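With my numbering applied, the sequence shown covers 39 to 563.
Glycine is no exception: its CB is placed at the ideal position from the N, C-alpha and C atoms.
The structure displayed is predicted, hence computed values, not measured ones.
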Amino acid sequence: MTNKVLIAVLLISFSSTLLSQNVEYPESFDQPMELYPEAMGSFHFTISSENQLAQAYFNQGFQLMFAFAKEEAARSFQASHLADPDCAICWWGEAWAWGSYLNGAMTTTQAPRAFFAVQQALSRLDNATQKEIDMIKALQVRYIDSFEPQNRREQDQAYADAMADLAGKYPDDLTIVTLYGDALFLLEERRGYRSLEDPNVIRLHSVLLSVLDRDITHPGACHLLVHATESTPTPELAAPCAEHLGDTIPGASHINHMPSHTWNEMGLWQEAVRSNTKAWHSDQKAAYGKGFAIYPTHNLTMLYYAASMSGQSASAIQAAKDLAKLNGNTAMLSMALIRFGRFDEVLQVKDEPNGEINRSMYDFSRGYAFLKEGNIEAARAILDSLQDLTKTTAARFRFHAGKDIVGAMAGILEGEIAWSEGKMEAAVDAFKKSTSFYENLNYDEPEPLPFSPRHWLGAAYMEIGAHSNALEEYKKDLTEHPHNLWALWGVKEALTKLDSSDLEIERELEAALSIADIWLPNTKL
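Right, dumping it as structure tokens:
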């Protein structure tokens, strides 16, 4: 009997058990889960079962949870306990998978599955090792029969406390220590900037680094550390493990992609492009059963952003095209075409995106293109609508107030219109206004705009001969976006006008130009 047939037979028995428990599962659970050896890495967590199939599925489930492929992880853990119905720790795996994770809180639909699974694990403790018993009992406090989302913090705190004790008992089990770090992270705000002086941040970093100091390739600990450091002043803390992370679970696109969160913050744009290209490969492999597509639109958005910052127009535009095919959103495609001066192509994008802010990006791009193609009246009409929207919109775009995004774009378009009329003082003022809106944006990966208004403000200062002011703006942009092509070019040009030079900037610019596929006449195009 093949593995697939065996699991299918066991599924029938499992389904009848669930009917009596009133536990509902997604439709995908009606089909047997397969093993994906090509997509998996070397991670192994030894369980007490002597069933090799149960062990293989357990390892797969763990890796998929590390990769945030929640449903596929739960299916893998389910396949594990179907292969060995007496395996307590296999049921622990499914219970863990249904709980909250960094990108999403447990829902009222998932809670009964988690509670049922942990009860099944508890009923099989006679078949577990002492460590497995301790893991199951630690997880037990996380789930209750009558789950209420607004009270989730109580269970999460109890779970974190239990995991602290467990990590203290098994300090040399790096995966248990990683699970402790995960539990701590769930008590923190997911988004926003993190202070290195925050005791919770210090503790979280310490726990994760204690794992990585002993195994730099641990996929779970590194994934969490990237997220725990990306919005701090020291994203480079995750760089040593990020060098390995993308290959630790080869077919999981989110793991392939994750190093780019660190590379973007460090300004290692080419590395970010490589990471997200690798992720997009795994997304495509999923259709052939050789990979897992996890957040494919996010992978493409990060690719488009990193390529835009590094002057790689072909990669940026293709990623934006693929993104538009996936989700029907042409906003990023329009913005990529503007970033690289392909104004005639912007006007060929006819499909309008949904959503107020996405639509404003599309409209801004068209207004900018109309201006560059000589239709100033159409550009003015769009500018008027963007300025009105800046004052009236209450929309949000991910973690940002929509007015700040719209205001930043409106300021750029207003400045370009003024520049086209020779009104350079008005242009500078408009670009300053744009920059003020831009500075209100929250931390995000990637940022909502694939360019900085400082690229326009610096160019305007260069135009009027205020080279010191231009230098200041470009240097600020390099602080915010290290090593980006546009600001490096601006600093070099401003220094030249000031009869000065900087060998380090020249070296960085040469390196940036070596991967760019464009030539820059200025920093705004």
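Proximity to residue 485 across 121, 336, 256 and 524 peaks at 336, based on C-alpha coordinates.
Out of 146, 376, 219 and 427, the CA that lies nearest to the CA of residue 239 is found in 219. Between residue 291 and residue 321, the C-beta gap is smaller than 8 Å, which places the two residues in contact.
A Cβ-Cβ distance of about 17 Å is found for the pair residue 280 and residue 223, leaving them out of contact under the 8 Å criterion.
Of the candidates 365, 313, 539 and 253, 313 places its Cα closest to the Cα of residue 284. In this structure residue 521 is in contact with residue 307, their Cβ atoms being roughly 7 Å apart against a cut-off of 8 Å. Under the DSSP assignment, residue 129 falls in the alpha helix (DSSP H) whose first and last residues are 126–136.
Shown here for residue 355: same chain residues with a beta carbon closer than 6 Å to its own, the five before and five after excluded, namely 374 in chain order. By the C-beta density criterion, residue 275 is buried, having at least 16 other C-beta atoms within 10 angstroms. For the set 326, 115 and 516, the Cα lying nearest the Cα of residue 159 is the one of 115.
Measuring C-alpha to C-alpha distances from residue 467 to each of 490, 495, 143 and 479 identifies 495 as the nearest.
DSSP, reduced to helix, strand and coil, places residue 95 within a helical segment of the structure shown. Taking the Cα positions, residue 559 is about 15 Å away from residue 410. In this structure, the alpha-carbon of residue 366 lies about 20 Å from that of residue 325. In the three-state reduction of the DSSP assignment, residue 333 falls in the coil class. Contact between residue 451 and residue 419 does not hold, since their C-beta atoms are separated by about 11 Å, which reaches or exceeds 8 Å. Residue 439 carries a strand assignment under DSSP once its states are collapsed to helix, strand and coil.
Distance from the CA atom of residue 406 to the CA atom of residue 107, rounded to whole angstroms, is 40 Å. DSSP, reduced to helix, strand and coil, places residue 464 within a helical segment of the structure shown.
Annotation for residue 548: the continuous alpha helix (DSSP H) segment containing it runs 541–553. Residues of the same chain with a CB within less than 6 Å of the CB of residue 358, apart from the 5 flanking positions on each side, are 342, 370, 371 and 374 in chain order. In the DSSP assignment, residue 395 falls within the unbroken alpha helix (DSSP H) covering 394–410. Counting only the Cα atoms, residue 362 lies some 30 Å from residue 471. Taking the CA atoms as reference points, residue 151 sits about 22 Å from residue 164.
For residue 115, the enclosing alpha helix (DSSP H) stretches over residues 108–121.
Contact between the stretch 426–433 and the stretch 379–389 is absent: fewer than three C-beta pairs spanning the two stretches fall below 8 Å. Non-local C-beta neighbours of residue 146 in its own chain, meaning closer than 7 Å and more than five positions away in sequence, comprise 185 and 187, ordered along the chain. With contacts defined as CB atoms closer than 8 Å, residue 287 and residue 96 fail to qualify as a contacting pair. Ranked by Cα distance from residue 236, the first of 271, 549 and 422 is 271.
Beta-carbon to beta-carbon, residue 523 and residue 298 are separated by about 17 Å, too far to satisfy the 8 Å threshold.
Under the criterion of beta carbons closer than 8 Å, residue 310 and residue 344 qualify as touching, at roughly 4 Å. By the beta-carbon neighbour count (other beta carbons within 10 angstroms, threshold 16), residue 368 is buried. Residue 297: member of the alpha helix (DSSP H) spanning 297–304, first to last residue.
Each of 203, 153 and 166 was checked against the Cα of residue 180, and the nearest Cα belongs to 153.
Counting the other CB atoms within 10 Å of its CB gives residue 502 a total below 16, which places it among the exposed residues. In the DSSP assignment, residue 142 forms a beta bridge with 139.
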